[in-house]
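Read through the structure below, which is laid out as structure tokens, and then see the notes.
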Amino acid sequence: MSGYGAPPAGGGFYPPAQGSYPSQGAAAGYPPAGTYPPQGAYPSATHGGYPAPGGAPYGNPYGPPAHPPAPGQAYPYGGAGSAPPPPPQAPYGGGYAPPPPQHGHGHHHSHSHGHSHSQGHAAYAAPPQQGGAYYYNGIPVPPPPGAPPAPPPAGIDGAQLAESVRKATKGFGTDEKLLISTIAPLDAFQVDALSKSFKSISGKEIVKVLEKETSGWFEYALRLKVLGPLAGDCWLLNRACDGAGTHEDLLNEVLLARSNADMWALKQAYKSIYGKDLERVVDGELSVKTKRMFSMAMNGNRTEENVPPNPSDIARDVQALKSAARGMGTDEITICSILVGRSQAQLVAIAREYQHKHGALSSMVRSEFSGHMRDALLFIADGAERGGQGIERDAQLLETAMAGMGTKDERLTYRLIRLHWNRHRFNEVKMAYAGLVNKKGLRSRVAGETSGDYGRFLEALVGH
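First residue of the sequence shown: 1, per full-length UniProt numbering; consecutive thereafter.
Here it is as structure tokens:
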């Protein structure tokens with residue numbers, strides 16, 4: 001059974017509620033009105049060295065919450081107002097202009113191209129849209145910073161949502177049950193409307209109010225939810241690189257195997273919120289080898305998904321991988337450049353061909369690498385095998401957060417919240433979990449590993 005551990009308590013930097021950021025260039029570096037939801041994220045195995053919020057050791061399952069949780073009631077995820085399944089592939093955007101033109105399609109010349117293409121691009125270009133909507137990580141999201149604000153979609157009553165949260169947090173004591181039932185079922189647009197309306201009605205940032213009224217991993221989960229997908233990813237990255245030790249799992253899950261459009265949006269958003277260049281921040285946390293790999297990933301130079309895999313190119317990549325995987329003296333740069341630089345469709349084809357000729361791609365990574373680089377490349381390789389959508393990988397990562405002595409609360413929380421935004425894909429992950437990991441299902445497993453309002457909130461996110 002997991003306790004709260006000690007998530008962020010008080011200090012730290014919290015992005016403001018969506019829709020209430022000062023204009024770009026403001027001192028705090030907050031983005032302007034409108035925020036975006038985070039994407040689905042899935043980490044690698046286990047890594048210590050990242051302190052849990054509030055100073056407890058990372059993943060400490062024994063730390064009690066700051067105050068005992070009050071009884072609450074799970075609210076099935078995906079209630080009224082649920083968004084329809086998102087479209088399959090996100091176009092350029094997340095609300096931002098696409099990255100600069102590519103220098104080819106990611107073959108063997110696609111080693112690190114230096115630093116961010118976003119450097120020197122302080123202002124946002126007019127963000128592209130698809131059917132009038134913005135996208136991030138494959139799901140429609142509210143207008144991001146720099147885009148003209150837009151009213152919420154029809155049927156979303158931000159004022160009513162804000163009033164429910166205000167009622168739950170005013171006076172003495174907090175109505176945790178009402179907070180859970182109000183916030184858990186919201187999609188990205190509803191969260192955005194809630195944050196804007198709460199600021200308008202109360203004059204306060206919803207994140208700050210939740211920070212004051214709740215604590216422990218319950219507070220952490222509520223905050224990550226109300227930030228939405230993209231600002232939530234930025235907050236996670238800031239935590240990953242802030243304090244003693246680097247949270248390597250978070251870096252892997254948020255930064256690897258991302259589309260060029262999503263990477264561009266992520267770097268722009270991080271700069272707007274925190275006033276810092278994301279690539280420089282990440283570089284400062286890594287050793288030489290992993291630094292180069294993440295520089296490749298963050299360049300935004302992956303082959304685009306609309307480029308169909310070419311059989312001769314796939315065969316050449318497979319041969320290059322085999323030649324580079326030579327035990328003593330592994331050619332790490334070649335392997336990294338291929339796994340980091342190819343599109344998902346190409347990686348699926350590479351994994352299939354490599355399996356046919358030499359065995360599992362993931363097995364090669366395990367035998368040739370160690371430490372953070374192994375976990376990072378395994379995250380990519382595992383996502384290219386067994387269907388190529390990362391569904392089984394993500395189901396296993398959820399189990400990794402709960403297996404063994406003590407639940408790794410932070411990993412479990414951010415993995416669930418990042419996954420739940422894309423409801424269609426999350427349902428596939430839940431089915432894979434029930435079929436491959438635990439036949440009782442994900443909700444039952446989460447209920448057995450968590451407790452109090454924190455546990456009830458996670459159960460509500462998982463749904464049935």
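Just so you know, even glycine gets a beta-carbon here, dropped at the ideal spot from N, CA and C.
For Ile-206 and Val-165, which I take to be in contact (beta-carbon distance under 8 Å), what is that distance rounded to the nearest angstrom? For this step, residue 206 is matched to residue 206 along the sequence shown. For this step, residue 165 is matched to residue 165 along the sequence shown. 7 Å between Cβ atoms; contact.
With distance defined between alpha-carbon atoms, name the residue in Phe-294, Ser-363 and Pro-308 nearest to Ala-325. Translated into the one-based positions of the sequence shown, residue 325 becomes position 325. The shortest Cα separation from Ala-325 among Phe-294, Ser-363 and Pro-308 belongs to Ser-363.
In three-state terms, what does DSSP make of Pro-98? On the sequence shown, position 98 is the one that residue 98 refers to. Low confidence applies here, because Pro-98 scores a pLDDT of 41, under 50, leaving its location unreliable; read the following figure in that light. In this structure, Pro-98 counts as coil in the three-state DSSP scheme.
Simplified DSSP assignment, three categories, for Ala-184: Numbered from 1 along the sequence shown, position 184 holds the residue referred to as residue 184. Coil at Ala-184, not helix or strand.
Ignoring anything shorter than 4 residues, give me the alpha helix (DSSP H) runs that lie fully in the region 387 to 454, in order along the chain. DSSP assignment within the region 387 to 454 yields the following whole alpha helix (DSSP H) runs of 4 residues or more, N-terminal first: 391 to 402, 409 to 420, 423 to 436 and 442 to 449.
Could you tell me whether any non-hydrogen atom of the ligand PLP is closer than 7 Å to the CB of Ala-447? Among the components modelled here there is no ligand, and therefore nothing to report on the ligand PLP.
Sub-8 Å separation of Val-340 and Met-296 beta-carbons: What you label residue 340 is simply residue 340 of the sequence shown in a count that begins at 1. What you label residue 296 is simply residue 296 of the sequence shown in a count that begins at 1. Met-296 is positioned such that its CB atom lies closer than 8 Å to that of Val-340.
What number of angstroms, rounded off, separates the C-alpha of Glu-392 from the C-alpha of Gly-171? Position 392 of the sequence shown, counted from the start, is the residue given in the question as residue 392. Position 171 of the sequence shown, counted from the start, is the residue given in the question as residue 171. Those two C-alpha atoms are separated by around 45 Å.
Nearest residue (CA-CA) to Ala-168, options Asp-157, Gly-158, Ile-180 and Ala-159: Position 168 of the sequence shown holds residue 168. Here the closest residue by C-alpha is Ile-180.
Please classify Ser-343: is it buried, with 16 or more other beta-carbons within 10 angstroms of its beta-carbon, or exposed? Translated into the one-based positions of the sequence shown, residue 343 becomes position 343. By the neighbour-count rule (16 or more Cβ atoms within 10 Å), Ser-343 is buried.
Check whether the region 271 to 285 and the region 230 to 245 touch, using three or more Cβ-Cβ pairs below 8 Å as the test. Counting Cβ pairs under 8 Å, three or more are found: they touch.
Any contact between the region 310 to 328 and the region 258 to 270? By contact I mean 3 or more CB pairs, one from each, below 8 Å. no
What's the C-alpha gap between Gly-329 and Gln-190? Taking the sequence shown and counting its residues from 1, the one referred to as residue 329 is at position 329. Taking the sequence shown and counting its residues from 1, the one referred to as residue 190 is at position 190. Near 52 Å, if we compare the C-alpha coordinates of Gln-190 and Gly-329.
If we ignore side chains and look at the alpha-carbon of each, how far apart do Thr-450 and Thr-413 end up? The residue given as residue 450 occupies position 450 in the sequence shown. The residue given as residue 413 occupies position 413 in the sequence shown. If I take the Cα positions, the gap works out to 10 Å.
Anticipated Cβ contact below 8 Å, Leu-251 with Ile-417, distance rounded: Here residue 251 refers to the residue found at position 251 when the sequence shown is read from its first residue. Here residue 417 refers to the residue found at position 417 when the sequence shown is read from its first residue. Contact flag wrong, Cβ pair sits at about 17 Å.
Proximity to Gly-245 [Cα-Cα], best of Leu-266, Glu-353, Gln-355 and Gly-284: Numbered from 1 along the sequence shown, position 245 holds the residue referred to as residue 245. Out of Leu-266, Glu-353, Gln-355 and Gly-284, Gly-284 has the C-alpha closest to the C-alpha of Gly-245.
Which of helix, strand or coil DSSP assigns to Val-141: Taking the first residue of the sequence shown as 1, we reach residue 141 at position 141. Looking at Val-141 - three-state DSSP - the assignment turns out to be strand.
Gly-452 to Glu-385, Cα distance in whole Å? Looking up residue 452 in the sequence shown gives position 452. Looking up residue 385 in the sequence shown gives position 385. Their Cα atoms are separated by approximately 37 Å.
Simplified DSSP state of Ala-133, which is helix, strand or coil: Counting from 1 along the sequence shown, the entry for residue 133 is found at position 133. In the structure shown, Ala-133 sits in a strand (DSSP, three-state: E or B).
Measure the C-alpha to C-alpha separation of Lys-291 and Val-282 and round it to an integer number of angstroms. As a working note, residue 291 is residue 291 in the sequence shown. As a working note, residue 282 is residue 282 in the sequence shown. Roughly 8 Å between the two C-alpha positions.
In the DSSP assignment, find the alpha helix (DSSP H) that holds Thr-169 and state where it starts and stops. Here residue 169 refers to the residue found at position 169 when the sequence shown is read from its first residue. It spans 158 to 169 - the alpha helix (DSSP H) in which Thr-169 sits, taken as one unbroken run.
Suppose you measure from the CA of Asn-301 to the CA of Ala-447; what does that come to, to the nearest Å? As a first step, residue 301 is located in the sequence shown; it is residue number 301 there, counting from the start. As a first step, residue 447 is located in the sequence shown; it is residue number 447 there, counting from the start. Approximately 41 Å between the Cα atoms of the pair.
May I ask which residues mark the beginning and end of the alpha helix (DSSP H) holding Cys-234? In the sequence shown, counting from the first residue as 1, residue 234 sits at position 234. Run containing Cys-234: 229 to 240, per the alpha helix (DSSP H) assignment.
Opening and closing residue of the alpha helix (DSSP H) in which Pro-311 lies: Locating residue 311 in the sequence shown gives position 311, counting from the first residue. Here the alpha helix (DSSP H) through Pro-311 covers 311 to 324.
Decide if His-464 is buried, meaning its Cβ has at least 16 other Cβ atoms within 10 Å, or exposed. Stepping through the sequence shown from its first residue, residue 464 is reached at position 464. His-464 is exposed by the Cβ-count criterion.
Can the beta-carbon of Glu-253 be found less than 8 Å from the beta-carbon of Lys-289? Within the sequence shown, residue 253 is the residue found at index 253, counting from 1. Within the sequence shown, residue 289 is the residue found at index 289, counting from 1. No, Cβ-Cβ distance for Glu-253 and Lys-289 is not below 8 Å.
Range of the contiguous alpha helix (DSSP H) that encloses Asp-262: Residue 262 sits at position 262 when you count from the first residue of the sequence shown. It spans 260 to 274 - the alpha helix (DSSP H) in which Asp-262 sits, taken as one unbroken run.
Return the chain-ordered list of same chain residues with a C-beta closer than 8 Å to the C-beta of Ser-444, the five sequence neighbours on each side being excluded. The residue labelled residue 444 in the question sits at position 444 within the sequence shown. Excluding positions up to five away in sequence, the list reads Asn-438.
If you drop the 5 nearest sequence neighbours on each side, which residues of the same chain put their C-beta closer than 7 Å to that of Leu-461? Position 461 of the sequence shown, counted from the start, is the residue given in the question as residue 461. Around Leu-461: Tyr-77, Ala-184, Leu-416, Ile-417 and His-420.
Same chain, Cβ closer than 7 Å to Lys-357, five either side skipped, listed in chain order: Taking the first residue of the sequence shown as position 1, residue 357 is located at position 357. Hits under 7 Å: Val-318.
To which residues of the same chain is Pro-153 closer than 7 Å at the C-beta, ignoring the five residues directly before and after it? Taking the first residue of the sequence shown as 1, we reach residue 153 at position 153. Phe-189, listed in sequence order.
Hey, Gly-158 and Ser-197: beta-carbon distance below 8 Å or not? The residue given as residue 158 occupies position 158 in the sequence shown. The residue given as residue 197 occupies position 197 in the sequence shown. Result yes, Cβ atoms of Gly-158 and Ser-197 sit closer than 8 Å.
Within the continuous alpha helix (DSSP H) that includes Gly-341, where are the two ends? Counted from its first residue, the sequence shown places residue 341 at position 341. Run containing Gly-341: 332 to 341, per the alpha helix (DSSP H) assignment.
Inter-residue spacing [alpha-carbon to alpha-carbon] between Ala-193 and Pro-229: Here residue 193 refers to the residue found at position 193 of the sequence shown. Here residue 229 refers to the residue found at position 229 of the sequence shown. Straight across, the Cα-Cα distance linking Ala-193 with Pro-229 is about 14 Å.
Supposed close pair Ala-432, Ala-395 - CB separation, criterion 8 Å: Here residue 432 refers to the residue found at position 432 when the sequence shown is read from its first residue. Here residue 395 refers to the residue found at position 395 when the sequence shown is read from its first residue. Separation of the CB atoms of Ala-432 and Ala-395 is rounded to 4 Å, and the pair is thereby assigned contact status at 8 Å.
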